[in-house]
Structures are given as structure tokens and as C-alpha cells.
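Q: My questions all concern the structure below.
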Amino acid sequence: MYINLTELNHIIKKRQSNNKCVGLPFGSAIKYKRDELKMTLEEASADICSVSYLSKLENNIIKPSAKYVDLLKKRFNIKEDYVYDSDEFKTHIEMIIRAILLDQKIEHSLLKDFETREDYESVLINFAYHVLHEDSAQIEYYYKKIVSSILSMPEEAFMTAMLLVDRILYDAMRYSEGVDLLNTIEAFNPEHEKIKLLILKGKTRHAFKLNNYTMIHDTYETYKHALIQKHLFSQFKKIHLEKLIHEAKHRSCDCIIQEIDQIDEFEDCDRQYLKAKCFSYKGDYDRVLSIATMYKDQSIDWMILYVMALEHLNETKKIIQFIETHQDINNARLNVIFKHLKHKYKSTQEEQMSYIKRDILTFHGMTEDYEILNYLLKDCEQMLVKHQYYKDAVSLYRIFVKKLNHLAFA
């Protein structure tokens with residue numbers, strides 16, 4: 153799915169200018185029903201209340217008056233009693249925040265409490281469930297509902313929803329936009345300590361993918377110390393591994409290997425991945441392949457490392473075979489690489505040039521992953537030169553270098 157950040161930021165700014173919110177879900181239930189029935193405010197409020205009253209109710213600015221509740225429920229066929237339990241919802245929010253923080257999922261049983269409801273609370277719970285379970289078929293439906301509720305959500309619910317949107321942007325490799333969204337959330341001055349920590353986590357993760365040295369310097373140490381202080385050692389291990397992978401680009405393999413062998417916290421799979429990344433940065437793809445072959449089915453990261461080792465070793469048949477057996481996997485990073493390799497090895501010259509001009513030079517559906525961009529730059533440049541498209545090769549080089557520098561130093 154595609155998230156329109158311009159539209160989202162416009163709605164968030166409207167929320168900033170009018171941040172009064174009573175935190176009750178009834179108004180959002182009315183709004184969803186009205187949207188579903190394609191009724192105007194005038195039609196929905198006719199013979200019950202004023203248009204102004206209904207608008208304020210939908211946007212959660214006022215509490216519903218008892219004399220209107222039954223009439224509105226009858227008009228929109230709402231069965232739920234709406235006995236509001238703020239403590240229960242706060243518990244659910246805490247469960248979602250904890251799941252995002254620890255890279256966990258939430259249980260399906262949590263959805264049962266909201267089966268008969270459709271309001272901002274039920275939508276947020278369902279949105280969180282499908283985002284954390286990476287269920288792309290359902291995410292778009294609930295995202296649209298979330299966007300229509302931004303003005304009416306209480307603060308913590310709104311920020312939790314935006315943190316889930318940031319997760320989607322990260323998975324879609326839109327890292328710089330993720331940073332912009334996190335900066336926007338941060339401007340609301342959240343009071344919840346875990347939300348502050350999640351903003352820091354998001355920025356740090358994006359920074360490593362962008363290879364942005366300034367951002368890494370600004371966020372990594374602060375995030376690391378916060379994790380240690382809160383005894384979140386599993387998350388510290390993950391971000392420490394990211395840091396070592398980043399440093400492996402300019403440190404010797406022996407130095408990195410000696411360091412990780414002294415750290416007990418890493419599992420063998422993590423150690424081997426870091427070693428393989430070290431060898432890949434130094435161009436020792438035979439050693440990368442020997443390690444990656446054993447772990448290629450462990451994760452997307454291992455798959456990418458494996459197929460890129462095959463690519464650098466010119467193992468064309470194995471690459472095509474691997475793509476054919478793994479083409480049903482839905483992952484943005486893997487899809488970009490597979491698409492490129494399919495064009496490189498299975499397309500005609502005309503199709504290759506069309507792909508480069510249509511997708512690569514325009515960054516259509518492109519990644520912001522620094523390593524993948526760097527690979528695409530070099531490989532597409534070689535493809536253009538091979539077919540004597542020298543001017544296009546120069547244009548591609550200029551465009552990509554400008555993009556890479558912008559990501560790394562913005």
C-alpha cells in the first residue's frame with residue numbers, strides 16, 4: 153500500500169491547531185457509519201441535532217448528550233452500548249506500545265473485545281494487529297479508517313497510530329519520510345516515556361538504513377543508554393548489531409570478528425551474519441556465500457546477502473533458480489532486488505533500457521536503503537555502458553550520487 157505523507161501531514165497539522173479531545177469513541181463510531189452510508193452531516197443530523205453539534209461530536213470535541221445518543225444509535229443501527237472504560241483501553245494501548253518496542257506481535261484474542269464495534273478504539277486495535285503481523289491485505293483498510301480519525305483520537309492513541317504508520321514506512325523503505333513523521337510526532341511533546349523511546353528507536357533504525365552519519369551520531373548513544381537504563385537488553389543487542397554492521401564498512405574484518413567473539417549476548421546466527429557482512433564489504437564473496445548458504449532461509453536479510461553473493465560471483469543459473477523458488481515472498485527490499493535481477497538476466501535490451509529509464513532514473517517504487525541504492529547505481533551504470541547509452545549512464549550517476557549524498561547527510 154502507498155501512504156500519502158502530504159495528506160497525512162495536512163491532517164496532523166489540523167490536529168495541532170485544534171487539539172481539544174474528550175477521548176470518547178462514540179463520535180468516531182457515528183463518523184464511520186455516516187461515511188459507510190455516504191451521508192452528509194446535514195442528512196445525518198436531520199431532526200436530531202444541529203450540524204455543528206454532530207460535527208463536534210464526530211471530532212470528539214464534546215461529550216455525547218444522553219438525549220441524542222439513542223436517536224443517533226437508532227439512525228445508524230449501532231448495537232454497542234458504549235459504556236466507556238478508559239482504563240481498559242489504556243491497557244490495550246500499553247500492550248501495543250510494548251509490542252512495537254520489543255518487535256513482538258499482539259494476540260488475536262485482543263480483537264474479540266471489539267468485534268461488535270467500529271470506532272477509533274476498535275480500528276486502532278485492528279490496525280495494530282495487522283501491522284505487527286505484516287498482513288498487507290488488511291492494513292490499507294484500517295489505515296484509511298485511522299486517517300479519518302486523527303482529529304478525534306486522544307493523544308496516546310494518535311501517537312500509537314503514527315508509530316504504527318512509521319513501521320509501515322520502514323518496511324516500505326521510505327526511511328527519510330519515516331524520520332519526518334517521527335519529528336512531527338515529537339513536536340507534540342509526548343509525555344509517555346515509552347513513546348519517547350519509540351521515537352528514538354525509529355530515528356536510529358532509519359539512520360542506519362540511510363547511512364546517515366549525522367543522525368546516527370545524534371540518536372544512537374542516547375537510544376543505547378535509554379535501553380540499558382530500562383533493562384531492555386534484547387533491543388540493545390539488536391541496535392548494537394546494527395552499529396557493528398555499519399562500522400564494518402570501514403573497519404577490518406579481523407577487528408570486527410575479534411570484537412563480536414568477546415560479546416556473549418549475540419547468538420551464533422547474529423555472529424555469522426556480521427562476519428558475512430564484513431566479508432561482503434571487503435569483496436570476499438566466496439566466504440560470504442559459504443556462510444550465507446547455511447543461513448539463507450533464516451530471514452530476509454540472509455536471503456538478500458545470499459543472492460547478492462551469487463550476483464557478485466556471476467552465478468546466474470543459481471540466481472534465477474533462487475528467484476523462481478522465492479518469488480512469492482512479499483518483502484519490499486527483496487522485491488526491488490529480484491525485479492532488477494529479472495530484468496538483468498531475463499529481459500531484452502529494449503526492456504532493460506525501459507526499466508532503467510522508467511523505474512531507476514525516476515526512483516519509481518524505489519528504495520532508500522543505502523546499500524541497495526549503491527548496488528543499483530553501479531549495476532545499472534554498467535548495463536547502460538554495455539549497450540552504449542553513455543549519456544544516460546552519466547545522468548544516472550549524477551542523479552544517484554546526489555540522492556545518496558542527500559540521504560547520508562540530510
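The opening position of the sequence shown corresponds to residue 153 in the working numbering, with each subsequent residue numbered one higher. For glycine and all other residues, C-beta sits at the position ideal for the given N, C-alpha and C.
Can you tell me the Cβ-Cβ gap for residue 461 and residue 484, rounded? I've got them flagged as a contact below 8 angstroms.
A: Residue mapping note: residue 461 aligns to position 309 of the sequence shown, counting from 1. Residue mapping note: residue 484 aligns to position 332 of the sequence shown, counting from 1. Not confirmed; about 21 angstroms, so no contact.
Q: Among 296, 303, 252, 203, whose alpha-carbon lies nearest the alpha-carbon of residue 211?
A: Indexing the sequence shown from 1 puts residue 211 at position 59. Nearest of 296, 303, 252, 203 to residue 211, Cα basis: 303.
Q: Verify whether the separation of the beta carbon atoms of residue 336 and residue 161 is less than 8 angstroms.
A: Within the sequence shown, residue 336 is the residue found at index 184, counting from 1. Within the sequence shown, residue 161 is the residue found at index 9, counting from 1. Taking 8 angstroms as the Cβ cut-off, residue 336 and residue 161 qualify as a contacting pair.
Q: Measuring CB to CB, does residue 393 end up less than 8 angstroms from residue 253?
A: Counting from 1 along the sequence shown, the entry for residue 393 is found at position 241. Counting from 1 along the sequence shown, the entry for residue 253 is found at position 101. In this structure, residue 253 does not lie closer than 8 angstroms to residue 393 by Cβ.
Q: Could you say which of 399, 419, 362, 474 lies nearest to residue 389 if we only look at CA atoms?
A: Taking the sequence shown and counting its residues from 1, the one referred to as residue 389 is at position 237. Here the closest residue by C-alpha is 419.
Q: Comparing alpha-carbon positions, which option in 378, 511, 355 lies nearest residue 368?
A: As a first step, residue 368 is located in the sequence shown; it is residue number 216 there, counting from the start. Nearest option by C-alpha distance: 355.
Q: If you reduce the DSSP assignment to three classes, tell me which class residue 588 lands in.
A: Nothing about residue 588 can be read from this structure; the chain reaches only from 153 to 562.
Q: Would you please state the rounded distance, in angstroms, between the beta carbons of residue 305 and residue 342? I believe it to be under 8 angstroms.
A: Position 153 of the sequence shown, counting from 1, holds the residue named residue 305. Position 190 of the sequence shown, counting from 1, holds the residue named residue 342. Wrong, their Cβ atoms sit about 13 angstroms apart, outside the cutoff.
Q: Residues in the same chain with beta-carbon distance under 8 angstroms from residue 399, minus the five sequence neighbours each way, listed in chain order, please.
A: Along the sequence shown, read from residue 1 onward, the residue named residue 399 stands at position 247. Here the set comprises 408.
Q: Determine the burial state of residue 435: buried for a count of at least 16 other Cβ atoms within 10 Å of its Cβ, exposed for fewer.
A: As a position in the sequence shown, residue 435 is number 283, starting the count at 1. With fewer than 16 other Cβ atoms within 10 Å, it is exposed.
Q: What is the rounded straight-line gap between the Cα of residue 282 and the Cα of residue 166?
A: Looking up residue 282 in the sequence shown gives position 130. Looking up residue 166 in the sequence shown gives position 14. Each residue's Cα considered, the two are about 27 angstroms apart.
Q: Hey, residue 278 and residue 560: beta-carbon distance below 8 angstroms or not?
A: Here residue 278 is taken as the residue at index 126 of the sequence shown, counted from 1. Here residue 560 is taken as the residue at index 408 of the sequence shown, counted from 1. No, Cβ-Cβ distance for residue 278 and residue 560 is not below 8 angstroms.
Q: Below 8 angstroms on the Cβ atoms is my contact criterion, and I expect residue 230 with residue 181 to pass it. Report the Cβ-Cβ distance as a whole number of Å.
A: Position 78 of the sequence shown, counting from 1, holds the residue named residue 230. Position 29 of the sequence shown, counting from 1, holds the residue named residue 181. That pair is a contact at about 6 angstroms.
Q: Mind reading off the beta-carbon distance from residue 320 to residue 155? Whole number of angstroms is fine, and I expect it under 8 angstroms.
A: For the purposes of this step, residue 320 is taken as residue 168 along the sequence shown, with counting starting at 1. For the purposes of this step, residue 155 is taken as residue 3 along the sequence shown, with counting starting at 1. With a Cβ gap of about 6 angstroms, residue 320 and residue 155 count as contacting.
Q: Here's a check: name, in chain order, each residue in its chain whose Cβ is nearer than 7 angstroms to the Cβ of residue 490, leaving out the five neighbours to either side.
A: Numbered from its first residue, the sequence shown carries residue 490 at position 338. Within the same chain, Cβ atoms closer than 7 angstroms to the Cβ of residue 490 are found at 475, 479, the five residues on either side in sequence being excluded.
Q: Would you identify the three-state DSSP class for residue 416, choosing helix, strand or coil?
A: Here residue 416 corresponds to residue number 264 of the sequence shown, with the count starting at 1. In the structure shown, residue 416 falls within a coil segment according to DSSP collapsed to helix, strand and coil.
Q: Rounding to the nearest angstrom, what Cα-Cα distance links residue 357 and residue 386 in this structure?
A: Indexing the sequence shown from 1 puts residue 357 at position 205. Indexing the sequence shown from 1 puts residue 386 at position 234. So the alpha carbons of these two residues sit roughly 15 angstroms apart.
Q: List the whole-angstrom C-beta distance separating residue 187 from residue 301, where the pair is believed to meet the contact cut-off of C-beta under 8 angstroms.
A: Taking the sequence shown and counting its residues from 1, one reaches residue 187 at position 35. Taking the sequence shown and counting its residues from 1, one reaches residue 301 at position 149. Actually they are not in contact, since the Cβ atoms of residue 187 and residue 301 sit about 11 angstroms apart, beyond 8 angstroms.
Q: Could you check where the alpha helix (DSSP H) with residue 227 kicks off and where it finishes?
A: For this step, residue 227 is matched to residue 75 along the sequence shown. Taken as a continuous stretch (DSSP letters only), the alpha helix (DSSP H) holding residue 227 covers 218–227.
Q: Rounded to the nearest angstrom, how far is the Cβ of residue 497 from that of residue 524, given a contact under 8 angstroms?
A: Here residue 497 refers to the residue found at position 345 of the sequence shown. Here residue 524 refers to the residue found at position 372 of the sequence shown. That belief does not hold up - the Cβ atoms of residue 497 and residue 524 are roughly 17 angstroms apart, past 8 angstroms.
Q: Compute the distance between the beta-carbons of residue 551 and residue 528, then report whether it is under 8 angstroms.
A: As a position in the sequence shown, residue 551 is number 399, starting the count at 1. As a position in the sequence shown, residue 528 is number 376, starting the count at 1. Going by C-beta atoms, residue 551 is not nearer than 8 angstroms to residue 528.
Q: Helix, strand or coil for residue 201? Go by DSSP, reduced to three states.
A: Along the sequence shown, read from residue 1 onward, the residue named residue 201 stands at position 49. Of the three classes helix, strand and coil, the one that applies to residue 201 here is coil, per DSSP.
Q: Kindly indicate which three-state DSSP category residue 230 falls into: helix, strand or coil?
A: Translated into the one-based positions of the sequence shown, residue 230 becomes position 78. In the structure shown, residue 230 sits in coil (DSSP, three-state: anything other than H, G, I, E or B).
Q: Taking 8 angstroms as the threshold (beta carbon to beta carbon), is residue 251 in contact with chain B?
A: The displayed structure is made up of one protein chain only, and chain B is not part of it.
Q: What's the call for residue 432, buried or exposed, on a 16-neighbour Cβ count within 10 Å?
A: Within the sequence shown, numbered from 1, the residue matching residue 432 stands at position 280. That one is buried.
Q: Counting C-beta neighbours from all protein chains within 10 Å, is the total for residue 261 16 or more, i.e. buried, or is it exposed?
A: Position 109 of the sequence shown, counted from the first residue, corresponds to residue 261. Looking at its Cβ environment, which holds fewer than 16 other Cβ atoms inside 10 Å, residue 261 is exposed.
Q: Secondary structure at residue 248, three-state DSSP: helix, strand or coil?
A: Along the sequence shown, one-based indexing puts residue 248 at 96. Reduced to three states, the DSSP call for residue 248 is helix.
Q: Let me make sure I understand the geometry here. Which of 532, 448, 290, 220 has the alpha-carbon closest to that of residue 494?
A: Sequence index remark: in the sequence shown, residue 494 carries index 342 (1-based). Measuring from the Cα of residue 494, the nearest candidate turns out to be 532.
Q: Can you check whether the CB of residue 351 is closer than 8 angstroms to the CB of residue 334?
A: Locating residue 334 in the sequence shown gives position 182, where the first residue counts as 1. Locating residue 351 in the sequence shown gives position 199, where the first residue counts as 1. Their beta carbons are under 8 angstroms apart, which means residue 334 touches residue 351 by this criterion.
Q: Taking contact to mean 3 or more Cβ pairs, one atom from each stretch, closer than 8 angstroms, check whether the segment 217–224 and the segment 240–251 are in contact.
A: Fewer than three beta-carbon pairs drawn from the segment 217–224 and the segment 240–251 are found closer than 8 angstroms, and the two stretches are therefore not classed as touching.
Q: So for residue 509, helix, strand or coil by DSSP?
A: The count along the sequence shown starts at 1 and reaches residue 509 at position 357. The answer is helix: DSSP assigns residue 509 an H, G or I state.
Q: Give the DSSP-derived three-state secondary structure of residue 438 in the structure shown.
A: In the sequence shown, residue 438 corresponds to position 286, counting from 1. It is helical.
Q: Between the Cα of residue 275 and the Cα atoms of 339, 245, 257, which residue gives the shortest distance?
A: In the sequence shown, residue 275 corresponds to position 123, counting from 1. Of the candidates 339, 245, 257, 245 places its Cα closest to the Cα of residue 275.
Q: Tell me whether residue 515 sits in a helix, a strand or coil according to DSSP, three-state version.
A: For this step, residue 515 is matched to residue 363 along the sequence shown. Coil.
Q: On the criterion of 16 or more Cβ atoms from any shown chain inside 10 Å, does residue 294 qualify as buried, or is it exposed?
A: What you label residue 294 is simply residue 142 of the sequence shown in a count that begins at 1. Burial call: buried.
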